[in-house]
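The structure appears below as structure tokens.
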Amino acid sequence: MTQPATAAHKDAPTSAAKSAGEQGGSRRSGPRWDVRTLSLLGVLAVLVAVGGITAPDEFLATSNLQLVLTQASVIGVVTVGMTFVITSGGIDLSVGAIVALASVWATTVATQEFGFAGILFTAVIVGVGCGLVNGLLIAYGRMVPFIATLAMLASARGLALQITDGSTQIVSVESVLDLGARDSYILGIPPLVLIFAAVTVIGWLVLNRTTFGRRTVAVGGNAEAARLAGIDVRRQRLYLYLLSGLCCGIAAFMLIVLAGSGQNTNGNLYELDAIAAAIIGGTLLSGGRGTIIGSVLGVLVFTTITNIFALNNLETAVQQIAKGAIIVAAVLVQRRSLHGDT
Amino acid sequence: MAPQPPLLTMSGITKSFPGVRALDGVDLEVQAGEVHCLLGQNGAGKSTLIKVLAGAHQPDSGEITWRSEPVTLGSPIAAMRLGIATIYQELDLIEGLSVAENVFLGHEPTSAGFVVRGSASRTATAELLERLGHSEIEPSRLVGELSAAQQQIVSMARALSHEVRLIVMDEPSAALDPEEVDNLFRIVGDLTADGVAVIYISHRLEEIRRIGDRVTVLKEGRSVAGGLPAKSTPTHEVVALMTGRNVEYVFPERPEAGFAAQREPVLKVERLSRRGEFAPIDLELRPGEIVGLAGLVGSGRSEILETIYGARKPDEGRVLVDGAPLRPGSVRAAVSAGIGLAPEERKAQGLLMLESVSSNVSISTLSRFARAGWLDRRTERAATHKAVRELSLRPDNPDAAIRTLSGGNQQKAVLARWLLRGCKVLLLDEPTRGVDIGARAELYAVIRRLADEGLAVLLVSSEVPEVLGLADRVLVLREGSVVHTADARELDEHRVLDLVMEGSLTP
Amino acid sequence: MPRTPATSRRALLFGTAAVSAGALLTACTSNEPKDQEQAADNAAPVADDKPGKAVTVGFAGPQADHGWLNAINSNAKSRAKKYSDVTLEITEGSNDTAQQIGQVQTLINKKVDVLVILPADGKALTQVGLQAMRAGIPVVNLDRVFASPQAYRCWIGGDNYGMGLNAGHYIGEQLKGKKNAKVVELAGLDNLELTQQRTKGFDDALKNYPNIRKVARQAADFTVESGQAKMAQLLQAQSGFDALWNHDDDQGVGALRAIDQAGRDDFLMVGGAGAKSAMDAIKAGNSVLKATVLYPPTMAASAIDLARALGQGKGVDGLAEFEIPSSLTLYSAVVTKDNVDQYLPTGFI
């Protein structure tokens, strides 16, 4: 070869390819701080600045930080599960309904008799059970995820309504209520936030450091290639919806702690919030790429916006408009950065 | 050729993308009524050039003259208005619309300016299809129901539905059977007789010799030779221009005939069949040998491979590895028994295009690098790196994104996956599709080396010389049945073609 | 027509349980007749507990996904059970307009004698109300009003503006004499008209008290979860205020939880609708919740009474009128510790 090739897509070794190799080698460990994640961090920084300027006394208070993180916790845990499902090329529209069902099932008079453990166990089991049904329908019943989870949404909401008859089930188990009280903070961190942090860390490790995570990405990136590479795609799908259900069960327990009650209207529109947070975080809706860190940042961005608007006493309508604008802006940034990659 | 002004002149065309200079000074001159062939390896700039010509890309610099007038091809519509039509390699048809709707998409015959006259477009489409020798295609059928070859005809009909003076065809013969190719060439002949110019892109030199008038060769974004006579320029000269070195269509040396006959077969296929796809087939594969399946598109070649692999469930028959029968219809059973597949559609069936080389190579071996589900990424990377090196995959970097690799290197990544897994039987479906000439030789050498190391290889290819040159034994298929089995050295291309078309040996 | 004995006429239309309806009567009639015997002599025949002509009442309501709506259903059912001459045809509740229209049409086809309709959306169900009236079936329109008065024979419902007004007046009186008093409003679903009315009534009442200023308003959506979330934000935003007006006791459960979590007790809270949990808290007196403004679900029981009277062609006791009024707006009483025992039986779960 007389001319050096311009890019790495030549068969012969080139200097460009070699240097790409060296770069690749040096950044192979640790989370990838790509453009999307950085841009989201930028958005968050801007929001913090806006909050600090418009409501300096309230926004930067420790109690407000605790509040924002607490409010992000429940939907945050749901979003971690959703991120796995979307990464695998699926969708789970039933998360809000599962949270509702798990939260009312775990707060019936009969369940409350078993105390803290009874409530926690019931919430988790109901979540996992719903996830199992979703997974079986999708993986082995060959239903489209959109339809299967839509059906679960309808029936879980219906069942939740049937259990409660529309009434609010107040929790009277003190140990559960105490978990949401101020004096149970550990080093100033609310227990719910600790649960959220734990789920996030475990979620990140599972997605990035385990065979399960790698297979999830493979199934989402190219299900046919994954199947032909010898991966049990169906079993993987089953596990993924189970995982999402498990996250919903945990979130339901957290919501019970937070609201001190179970109600069939719980988890209203969680599916949309979780999908939106995952997408602006950088998880591809078509599957094959997912980021837990991005999803968590997405949740924090939305929660911070709500907080700033409330501190400045702005209307709900304005909040919703801002939320829509942020989704559009984030997706535009993603598209640009994706094109930049190519 | 008469000294009349050329139909199209492009001079000094350059075009850069972020990080890549795709065109670096291309000159091209096309006369009305000629077939002008464009040759070049993958990445030489052919696709970018025709996209500039189609108005899909804007050149950074350079001049385009059309019928002696300087023009700017600002958009696909502008190009179409001038009479330039392009038939892309990836067919750009809408599967959910009918043939006629596709042909007249964007310029539907209308009443009152907006009411589509369906019958008018169907009639016109039928005429176009008849002109193309395919009156059997119903204008009202959905494009998604047509075969690849038929879809290509529809694409061509769409091009001809405009007032066309120049048609660009990007590898039109890639998805076609020999008889379809003949029909294509007849159409090209008709067009040029009417004074239409054709820019023809193909990897197959023999096609260029058959229909081409002149050749322009591209290399690394530059036109290195223009207007060579297509019929008389020697092959080695063309190859030398394309590659910058003198590479022949080289196959690695084969062991002597019958060398493997004493070995125990590793793969046995007994009376395997699928209704409507292939008749019961028997097959034995011994370690170290490469067996080729030759046949037309639709002769059941890929289906046989995929059924052996468990990706399709057989109606009857069974597959044995080392004497043990496999659970039918289970890819996982086949993989654990030691079978690997390099599928036909590499991007759609073989690779995770968003992932790194390493992830693509290790995907079938993940549990080996995991303890209780946790991946040891260091060991994984070291192992994939080793496999990648053994196949001299470029770049020598397991972290490179697979989508940045050339076709040949992507194929090597698939082979590395099975090398890493340590499989005994390798099923190769069109292993050199989309791989350019220089890289092919390297791939052939790798495949032969894997066989020499004890692998049994079953090869499917629509390029007969490839099967004959690489395989030890050849099974010839026609309409789902094996019509002939022979040592590869006893066959030649004409005989195979005769077999697949007629099904009987003629002297 | 049998003469109606005076003794039973006290129970009549609105029943002992329907305390709020009693409040309506006291509010509407300044001079409740003391001498029942005399009143009966010159009045039209009025409905009473005695079995009369058998009446089939069709009842169509929205999906009971909220404690108040659930109470509406149970009030209607238990009231109908009380009368041996009333058969209740109750449909599966639905929030889907089209589905509810279908349900009402089914009831029309079944030729029920009277219809009680609580529409999911008043405007959208007006047509089917008109259909029923044209078919000769009198319609009692419950709470959410139809767009045309021709679509119902009688409307009975709560007073959202009055709720806000009474909540505002109660807070105004409690904070009388306090300088620069601040109040905060936790509203319900903002895209419902009733939320706007409750806010307007509240604001109008506050105009009478120049010492009070509304410093913040956030809208929740009638759920416990949103009540907790929005209240937590409000508490963060407002470090000190004197009173809170919360539109809905269900979301109030969440609001109280947030107040509890923030450890705040420096203000008084007024709720809305009249949930049992709220009344229990008022009675216990150990939280910031000091009062709740009623939006009585007993209106469903009253609607059954009205339907029965319409079906039997009788009037309302206690009024001189021959006919049942075409509209009854219920009074939004303020429930405080002083009168909570009286209202506790009407509290919904």
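Chains as they are written, first to last, in UniProt numbering: chain A, 1 to 342; chain B, 1 to 507; chain C, 1 to 349.
Each residue gets a CB set at the ideal place from its N, CA and C atoms; glycine is no exception.
According to DSSP, is residue i part of a helix, a strand, or is it coil?
i, result
"B/V164", "coil"
"A/A20", "Residue confidence is low: A/A20 scores 38 on pLDDT, short of 50, so the model does not pin down where it sits. Its coordinate-derived value is still stated next. Three-state result, A/A20: helix."
"B/L73", "coil"
"A/G324", "helix"
"C/V253", "helix"
"C/P345", "helix"
"B/T235", "helix"
"C/Q36", "Because C/Q36 carries a pLDDT of 42, less than 50, the predicted location of this residue cannot be relied on, and the following value inherits that uncertainty. Correct three-state label for C/Q36: helix."
"C/V288", "coil"
"B/F185", "helix"
"C/R217", "strand"
"A/I163", "helix"
"B/D282", "strand"
"A/T79", "helix"
"A/R237", "helix"
"B/K347", "helix"
"C/C28", "Per-residue confidence for C/C28 stands at a pLDDT of 40, beneath the threshold of 50, marking its modelled position as unreliable; no derived number is given."
Starting from the Cα of residue i, find the closest Cα among the options and give me that residue.
i, options, result
"B/R158", "B/A79, B/T86, B/R421 and B/S406", "B/T86"
"B/K268", "B/M242, B/Y309, B/L8 and B/A441", "B/Y309"
"B/V335", "B/L82, B/R421 and B/V238", "B/R421"
"B/F104", "B/Y88, B/T123 and B/Q89", "B/T123"
"B/L38", "B/D399, B/G25 and B/K219", "B/K219"
"B/G288", "B/R312, B/C423 and B/T9", "B/C423"
"C/A64", "C/G52, C/P119 and C/P51", "C/P119"
"B/H494", "B/A370, B/S161, B/P178 and B/V435", "B/P178"
"B/Q197", "B/S121, B/A32, B/L497 and B/S232", "Per the sequence presented here, residue 197 of chain B reads as Ala, with Gln not at that position. Checked all of B/S121, B/A32, B/L497 and B/S232; the closest Cα to B/A197 is B/A32."
By the criterion of Cβ-Cβ separation under 9 Å, what are the contact partners of residue i in chain A?
i, result
"B/P343", "E224, A225 and L228"
"B/A225", "Here the premise fails: no neighbours, minimum Cβ distance about 16 Å."
"C/A151", "Chain A residues near C/A151: none, gap ~27 Å exceeds 9 Å."
At a Cβ threshold of 8 Å, is residue i touching chain C?
i, result
"A/L311", "yes"
"A/D273", "no"
"A/T62", "no"
"A/Q236", "no"
Using the DSSP secondary-structure output, state which residues sit across from residue i in a beta bridge.
i, result
"C/K53", "In DSSP, C/K53 forms no bridge with anything."
"B/C37", "B/Y200 and B/V215"
"B/H484", "B/V476"
"B/C401", "Per the sequence presented here, residue 401 of chain B reads as Ala, with Cys not at that position. B/S356."
"B/E179", "Paired residue(s): none; B/E179 is not in a bridge."
"C/W155", "C/N141 and C/S327"
"B/K268", "B/E284 and B/L320"
Got a sec: is the Cβ-Cβ distance from residue i to anything in chain A below 8 Å?
i, result
"B/L375", "yes"
"C/L277", "Checking the displayed sequence, the identity of residue 277 of chain C turns out to be Ser instead of Leu. Yes, because at least one Cβ of chain A sits closer than 8 Å to the Cβ of C/S277."
"C/T346", "no"
"C/V183", "no"
"B/E355", "yes"
"B/I363", "yes"
For residue i, return the contacting residues in chain A, with the cut-off set at a CB-CB distance below 8 Å.
i, result
"C/G61", "Under the 8 Å cutoff, chain A gives no residues; its nearest Cβ is about 11 Å from C/G61."
Residues of chain C with CB closer than 9 Å to the CB of residue i, please, in chain order.
i, result
"A/F112", "Going by the sequence as given, residue 112 of chain A is Gln instead of Phe. What A/Q112 touches in chain C: nothing, since even the nearest Cβ is about 15 Å away."
Can you find a CB in chain B that lies within less than 8 Å of the CB of residue i?
i, result
"A/D232", "yes"
"A/T210", "yes"
"A/R289", "yes"
For residue i, which residues in chain A fall below 7 Å Cβ to Cβ?
i, result
"C/L192", "None at all; the shortest Cβ gap to chain A is about 12 Å."
If the cut is a Cβ gap below 8 Å, which residues of chain B does residue i touch?
i, result
"A/V80", "Near A/V80 there are no residues of chain B at all, since even the closest Cβ is about 18 Å away, more than 8 Å."
Run down chain B in chain order and give the residues with a C-beta less than 9 Å from the C-beta of residue i.
i, result
"A/V217", "L352, L354, E355 and S359"
Using the beta-carbon of each residue, which ones in chain C are nearer than 7 Å to residue i?
i, result
"A/S167", "G67, N70 and I349"
"A/I170", "V253 and S277"
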